[in-house]
Amino acid sequence: MTTGKRKAPDDELNPGPRSAEPGNQSATGRTGPQTPSASQTASGAVQRSGTATFEMGDAYYRNLYKAEPDFKQLAKQDDAFTAVLKGNGQLDFSDPAAVMQLTKTLLSADFGLKIDLPEDRLCPPVPNRHNYILWLKDLLDSTSYDAPGGKLSGLDIGTGASCIYPLLGCAQRPWVFVGTDIDPKSFSYAKKNVELNALQSRIRLLLRKPSDTLIPLDDLSVDPIDFVMTNPPFYVSDDELASSARKKARPPHSACTGAPVEMVCEGGEVAFVSRILEESLALRERVRWYTSMLGKVSSVEVLVERLREKGVDNFAVTEFVQGTKTRRWAVGWSFGAMRPSQEVARGMKAVVWRKVLPAVVEVEILALPVLAVGSVAKQLQDIVCALELVSWEWDDEKLQGVGRARENVWSRAWRRKKMREEAGQADPAPRRQDEGACAFGFSVAIRVEQSGGSLMCRWREGHDQAIFESFCGFLKGRLKIE
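Take 1 as the starting number for the sequence shown in the UniProt record's numbering and just add one per residue.
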């Protein structure tokens, strides 16, 4: 077992914005990035001068649209937005030109991005698309032992004319993307938008045919990748699309300019994501996470049932709520052992949807008074250090630790087997070729507030829920408040 104490990196402890231009306000009134200028280095990498958006830290992006955009503030920043704003300071969301300008202005003011859009293709609502990127960041961050912010690679299936997801992802993290589309016009505009932002070295686009595989890793010579994302067509037919529009009691919140190729596919979003699922069963861990946004909550239930039928035990579901009118959902799954955090994986809060939630991954082991924190921390270290783990690291400052075990080495059965081996009464278990392999990874943390503290245990790695529950029971039985 390797053990040690470590201090978290500064950016782990202080993840907030790192830089901002004074006086440059974002659409929501916070200090935000100016549109960055870009230049090419000798190697072709993009260098952005001024306040580079991806240097601002995740706190800025996480808080961007918790409040509705301030249209008056936007108008002060962008004359083109002023031109579409009504005299009372409101925006006509039934006017496609006004909606398109809002998208362009938000991308420029809040992310330093430029786009050009055709009038007959979807105009993406920025806050809604941004929510997907935020969730994806949390999903990837919480399923890695590495510090957040590393270079990751992703595939955006059906990137659309805006190429919105690769642009937003590249603005916030040092990610690289492949974007695919089957529509030549959307592909042409997506290529233009990548060039407008000097991101050719980080975003690669590929025009596909409807009959092609959705995840073309072999065609791209890319392997493995960190994530797949998609925002598939919602509707099974033009008739369903028209019927959905008629059922709405009021006009749509914003004008829809989408083409049929963007809105409709045979079988709708369930069939589309099911194609990804079938391909994932062959690709497996060549992709860390397969994800999709969904437009219908009923689709979540159907897809989770299919995941369970296929034996996929590591998945996540969530709900995106933007303002009071727009709701979307997302599902993700992985064949790897790293488990997402509870908040990320079980993001559908309504009681009625408990049946679609994955396994609980975070449990309170012990509630404790503040004065007992030191004693419990010492007990915890002694108890865990005595186990035959692959690794164990404890951070004294943050009162948290991370450990990995090849098997349930805390159980009585394991201890009895170990004693028989040492006494020569049983053949020793063969050593695994992969010395780093483990059946269970966990983190423990003591949270302290004025009213008291709590010891929490999180399941970080593994496929066997029973091992996690066994470990939690072991800690509960051994720890005492003195």
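The beta carbon of each residue, even a glycine, is placed where N, CA and C say it ideally should be.
Quick check on residue i: does DSSP put it in helix, strand or coil?
i: Trp175; result: coil
i: Asp212; result: coil
i: Ile115; result: coil
i: Asp226; result: strand
i: Trp414; result: helix
i: Ala57; result: According to the sequence provided, residue 57 is Gly. The question's Ala does not apply to it. Of the three classes helix, strand and coil, the one that applies to Gly57 here is coil, per DSSP.
i: Ala466; result: helix
i: Ala282; result: helix
i: Cys163; result: coil
i: Leu140; result: helix
i: Ile383; result: helix
i: residue 493; result: Here the chain has residues from 1 to 482 only, and residue 493 is not among them.
i: Cys265; result: coil
i: Leu64; result: coil
i: Pro232; result: coil
i: Leu277; result: helix
i: Val390; result: coil
i: Lys476; result: helix
i: Pro251; result: Confidence at Pro251 is low in this model, with a pLDDT of 46, below 50, so the placement of that residue should be treated as unreliable; the coordinate-derived value is given next. Reduced to three states, the DSSP call for Pro251 is coil.
For residue i, list the residues DSSP reports as bridge partners.
i: Glu461; result: Met338 and Gly441
i: Gln400; result: Asp395 and Ala445
i: Ile203; result: Phe177
i: Ser454; result: Ala367 and Arg447
i: Val331; result: Ser292 and Val317
i: Thr326; result: Gln322
i: Ala405; result: Phe440
For the alpha helix (DSSP H) that contains residue i, what are its first and last residues?
i: Ile157; result: Where Ile157 is concerned, there is no enclosing alpha helix (DSSP H), although the beta strand (DSSP E) it sits in stretches over Ser153 to Ile157.
i: Val304; result: Val297 to Glu309
i: Met192; result: Reading off the sequence, residue 192 comes out as Lys, not Met. Its alpha helix (DSSP H) spans residues Pro184 to Leu196.
i: residue 556; result: With the chain covering only 1 through 482, there is no way to say anything about residue 556.
Check each candidate in the options and name the one with the smallest Cα separation from residue i.
i: Gly295; options: Glu397, Glu285 and Thr318; result: Thr318
i: Arg339; options: Asp78, Arg288, Gln381 and Ala97; result: Arg288
i: Cys163; options: Leu134, Leu107, Ser144 and Gly150; result: Leu107
i: Pro224; options: Leu155, Ser292, Val126 and Arg306; result: Leu155
i: Arg173; options: Glu266, Gly179, Trp459 and Lys151; result: Lys151
i: Val356; options: Arg404, Glu269 and Ser298; result: Ser298
i: Pro69; options: Leu117, Ile115, Asn128 and Tyr165; result: Asn128
i: Asp212; options: Lys192, Gln200 and Asp181; result: Asp181
i: Gly87; options: Leu199, Lys72, Leu399 and Lys209; result: Lys72
i: Ala83; options: Trp333, Lys66, Glu449 and Gln101; result: Gln101
i: Leu415; options: Leu387, Cys438 and Phe440; result: For the record, residue 415 in the displayed sequence is Arg; it is not Leu. Selected option, being the one with the closest Cα: Leu387.
i: Gly403; options: Phe440, Gly179, Asp382 and Ser411; result: Phe440
i: Arg284; options: Ala437, Gly336, Arg327 and Tyr165; result: Gly336
i: Gly401; options: Ala271, Phe320, Arg478 and Val444; result: Val444
i: Lys480; options: Arg308, Ile467, Leu368 and Gly323; result: Leu368
i: Arg374; options: Phe81, Gly453, Glu393 and Glu266; result: Checking the displayed sequence, the identity of residue 374 turns out to be Gly instead of Arg. For the residues Phe81, Gly453, Glu393 and Glu266, the minimum Cα distance to Gly374 belongs to Gly453.
i: Phe474; options: Val409, Ala372, Gly462 and Asp116; result: Val409
i: Ser153; options: Leu277, Val351 and Pro166; result: Pro166
i: Ser221; options: Pro232, Thr230, Asn231 and Leu206; result: Leu206
i: Leu113; options: Ser144, Phe187 and Glu195; result: Glu195
i: Ile133; options: Val344, Lys76 and Phe442; result: Val344
i: Met229; options: Phe272, Ala109 and Phe468; result: Phe272
i: Arg62; options: Leu117, Asp116 and Lys137; result: Lys137
i: Leu214; options: Val178, Asn197 and Lys191; result: Val178
i: Ala80; options: Cys438, Lys104 and Cys457; result: Lys104
i: Glu278; options: Arg306, Ala372 and Val300; result: Arg306
i: Phe471; options: Ser451, Phe442 and Leu303; result: Phe442
The ligand ADP heavy atoms versus the CB of residue i: any closer than 7 angstroms?
i: Glu195; result: Absence of the ligand ADP from the depicted structure is noted, as is the absence of any ligand whatsoever, leaving it without description.
Assuming residue i is part of the beta strand (DSSP E), what are its boundary residues?
i: Tyr290; result: Val287 to Leu294
i: Val317; result: Asn314 to Gln322
Next item on the list: Scan the region 337 to 381 and note each continuous alpha helix (DSSP H) run of 4 residues or more that stays entirely inside, going in chain order.
Entry: Here the runs fully enclosed are 342 to 345.
Checklist line | 4 or more residues per run - each alpha helix (DSSP H) lying fully within the region 70 to 138 | finding: If we require 4 residues or more, the alpha helix (DSSP H) runs fully inside the region 70 to 138 come out as 71 to 77, 79 to 84 and 96 to 111.
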